[in-house]
Amino acid sequence: MVVLRIRNAHKRKYALICLCIVGFLMYRYLRMPAGGRRMSRKVGLSANSSQLTLEGEAFQILGGSIHYFRVPRAYWRDRLMKMKACGINTLTTYVPWNLHQPERGVFNFHIQLDLEAYINLAAELGLWVILRPGPYISSELDLGGLPSWLLRDESMRLRTTYPGFTEAVNTFFDKLIPKVVPLQFKKGGPIIAVQVENEYGSFAKDEGYMPFIKEPNSPTMVMDYWTGWDLYVLKESSLFAVNMLNLLSDTVSTVREILRRGMSFNLYMFHGGSSFGFMSGALGHPSYKSLVSSYDYDAPLTEAGEYTPKYHLLRDLFSRYNRGESFPDMPALRNKEAYEPAIMYQHLSLWDALSFTERPFKSVRPVNMENLPVNNGNGQSYGYTLYETTITSGGLLRSGGNVRDRALVFVDRRYIGLFKRQSVELAVPDGKGWEKGVVFINGLNLGRYWSIGPQQTLYLPGPFLNSGINQLIVFEELEGDYKVHFEYTPDLGMAADIQ
220 MVVLRIRNAH
230 KRKYALICLC
240 IVGFLMYRYL
250 RMPAGGRRMS
260 RKVGLSANSS
270 QLTLEGEAFQ
280 ILGGSIHYFR
290 VPRAYWRDRL
300 MKMKACGINT
310 LTTYVPWNLH
320 QPERGVFNFH
330 IQLDLEAYIN
340 LAAELGLWVI
350 LRPGPYISSE
360 LDLGGLPSWL
370 LRDESMRLRT
380 TYPGFTEAVN
390 TFFDKLIPKV
400 VPLQFKKGGP
410 IIAVQVENEY
420 GSFAKDEGYM
430 PFIKEPNSPT
440 MVMDYWTGWD
450 LYVLKESSLF
460 AVNMLNLLSD
470 TVSTVREILR
480 RGMSFNLYMF
490 HGGSSFGFMS
500 GALGHPSYKS
510 LVSSYDYDAP
520 LTEAGEYTPK
530 YHLLRDLFSR
540 YNRGESFPDM
550 PALRNKEAYE
560 PAIMYQHLSL
570 WDALSFTERP
580 FKSVRPVNME
590 NLPVNNGNGQ
600 SYGYTLYETT
610 ITSGGLLRSG
620 GNVRDRALVF
630 VDRRYIGLFK
640 RQSVELAVPD
650 GKGWEKGVVF
660 INGLNLGRYW
670 SIGPQQTLYL
680 PGPFLNSGIN
690 QLIVFEELEG
700 DYKVHFEYTP
710 DLGMAADIQ
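All residue numbers for the sequence shown refer to my numbering, where the first residue is 220 and numbers rise by one.
This is the structure we're talking about:
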């Protein structure tokens with residue numbers, strides 16, 4: 220038997236050290252926002268006949284939606300801090316399957332798509348999280364956030380129990396779920412609820428699908444109060460489109476009534492951001508309407524993260540309903556810059572640009588882009604596809620109703636017109652200046668532009684710029700004026716209220 224004898228002086232020294240360590244740990248723990256405290260919890264978000272409870276205590280969700288994939292990562296903290304300063308206690312976000320798994324077997328949860336970092340940041344700032352992983356999320360994304368390579372299966376039935384679909388969902392969730400499980404409330408994380416699927420029944424109505432996708436015994440409550448709506452193109456003859464927004468007074472009065480009744484809510488969107496690149500989808504019913512790149516949504520924070528009158532009125536409303544807890548200070552706004560116009564001194568024709576693309580693929584008949592033998596057998600998800608054939612005699616050219624959006628037609632490399640969706644006759648647009656295309660800054664796709672509107676400007680985030688020389692590339696489909704202008708104020712077109 221070994222006996223260790225410690226002198227009283229040493230005992231006091233060791234006790235003091237232990238006390239300091241414990242005190243430091245308690246200080247760090249108490250300074251940490253409630254959502255960021257990592258400790259085992261027993262009772263998560265629950266519902267009884269009258270209210271929600273969290274850890275057994277009454278809890279009211281004051282939620283706001285901000286999508287990490289629509290906001291430059293460098294701005295995540297700024298946007299979440301502004302939401303926290305408004306009095307919101309819960310962040311909600313979708314998880315876009317198509318961005319996280321661009322090809323079968325290829326997954327991306329890094330940099331802009333680092334979901335774990337985003338959720339941990341929310342916890343650090345004292346926000347709870349409601350996660351909406353789909354697999355179908357809608358969110359005005361192309362194919363509702365489903366990956367386009369699913370369509371390579373000619374028998375595919377999306378959002379059903381069709382094995383080809385459920386197996387693909389399981390593969391994605393096998394990668395996603397291990398990343399978010401440690402972030403659940405009961406494991407000390409900020410995730411208090413998870414929504415399964417989204418807007419099911421808008422298309423596809425398989426009664427066996429919802430039991431498959433549902434996770435038993437998990438909270439499913441998510442409420443969307445639209446702060447506005449997305450912008451879309453009504454028709455090509457229109458000079459503006461309708462922004463289906465909630466009038467400012469209606470928004471505040473409705474939220475006030477929700478609070479008065481003690482109900483939980485989620486503001487969709489609190490900050491919309493941008494659908495960069497080719498992310499924007501389209502509305503299919505009752506008629507086709509393509510969506511613009513801006514996801515401003517008439518939200519409390521603008522596309523550029525600036526405060527609106529709606530923000531200030533909501534903050535004032537929430538502060539009056541807040542139970543004695545003061546809100547954080549509103550973060551300062553970031554500086555904006557309107558640079559001198561950029562002159563385009565060099566250009567390539569479409570035909571010259573072909574030398575920078577992959578070798579052509581030959582087929583007996585036209586192949587839809589999802590089934591092209593590119594991207595490791597996953598097809599093409601976005602962008603443009605050039606189809607070429609040889610004709611030996613004149614005649615009438617018809618699309619046969621097979622064009623899903625627009626098709627420019629060239630004969631011997633000379634533009635003669637275009638086919639539009641649901642049109643079989645050629646049309647020739649009459650436009651001057653920038654007509655239609657996409658803009659790249661330093662290799663990053665800012666989004667699409669179209670002279671018919673409603674959106675006439677694209678948002679350029681500061682983190683996309685280099686210090687010094689920046690490369691600006693415009694892919695113009697028809698005719699450009701060789702000058703790009705920069706503005707302080709966005710132009711998203713005219714808006715009207717739809718009841």
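Here a beta-carbon is modelled for each residue, glycine too, at the ideal position from N, C-alpha and C.
Can you tell me which residues form a DSSP beta bridge with residue i?
| i | result |
| --- | --- |
| N664 | F659 |
| V314 | Looking at the DSSP assignment, V314 forms no beta bridge with any residue, so it has no partner. |
| Q403 | I410 |
| E276 | L273 |
| H319 | Paired residues: none, contrary to the question. |
| V630 | R633 |
| I625 | Checking the displayed sequence, the identity of residue 625 turns out to be Arg instead of Ile. The partner list for R625 (beta bridge, DSSP) reads K639. |
| F694 | V657 |
| S483 | DSSP lists no partner for S483. |
| I562 | K702 |
| H490 | I285, L520 |
| S512 | Note: S512 sits in no beta bridge, so no partner. |
| T194 | The first residue shown for the chain is 220 and the last is 718, placing residue 194 beyond what the model contains. |
| T309 | G282, W347 |
| L502 | K508 |
| V325 | E322 |
Look up residue i in the DSSP assignment and say whether it is helix, strand or coil.
| i | result |
| --- | --- |
| W445 | strand |
| I338 | helix |
| L605 | coil |
| A523 | coil |
| N720 | Residue 720 cannot be examined here, being either before or after the span of the chain that is shown, 220 to 718. |
| Y287 | helix |
| G681 | helix |
| I356 | coil |
| L369 | helix |
| L264 | strand |
| L332 | helix |
| M251 | With a pLDDT of 48 at M251, under the threshold of 50, the predicted position of this residue should be treated as unreliable, and no value is reported. |
Within 10 Å of its beta-carbon, does residue i have 16 or more other beta-carbons around it, so buried, or fewer, so exposed?
| i | result |
| --- | --- |
| G524 | buried |
| W368 | buried |
| T609 | exposed |
| K303 | buried |
| R667 | buried |
| T474 | Here residue 474 turns out to be Val, not Thr, going by the sequence shown. Result: buried. |
| A387 | buried |
| Y294 | buried |
Considering only their Cβ atoms, is the gap separating residue j from residue i smaller than 9 angstroms?
| i | j | result |
| --- | --- | --- |
| T312 | I285 | yes |
| V354 | L362 | This sequence places Pro at residue 354; Val is not what is there. No, the Cβ-Cβ distance between P354 and L362 is not below 9 angstroms. |
| L567 | L627 | no |
| D517 | K529 | yes |
| L334 | L395 | yes |
| L402 | N327 | no |
| V413 | P505 | no |
| R640 | V622 | yes |
| F705 | Y558 | yes |
| L370 | N595 | no |
| R260 | E276 | no |
| L360 | N389 | no |
| A341 | L299 | yes |
| F484 | G282 | yes |
| L573 | L616 | no |
| R625 | G492 | no |
Starting from residue i, trace the alpha helix (DSSP H) in both directions and tell me its first and last residue.
| i | result |
| --- | --- |
| Y540 | 528-540 |
| S468 | 467-479 |
| W295 | 295-305 |
| K398 | 382-399 |
| L552 | Looking at the DSSP string, L552 is not in any alpha helix (DSSP H), and its letter there is neither H nor E. |
| L569 | 569-572 |
So, is the C-beta of residue i closer than 9 angstroms to a C-beta in chain D?
| i | result |
| --- | --- |
| Y337 | Annotation note: the requested chain D is absent from the structure, which comprises a single protein chain. |
Along the chain, where does the beta strand (DSSP E) that runs through residue i open and close?
| i | result |
| --- | --- |
| W347 | 347-351 |
| A518 | Looking at the DSSP string, A518 is not in any beta strand (DSSP E), and its letter there is neither H nor E. |
| L615 | Here L615 belongs to no beta strand (DSSP E), and DSSP marks it neither H nor E. |
Tell me whether residue i, by its Cβ, gets closer than 8 angstroms to a heavy atom of the ligand FMN.
| i | result |
| --- | --- |
| F537 | With respect to the ligand FMN, the structure offers nothing, as it holds no ligand at all. |
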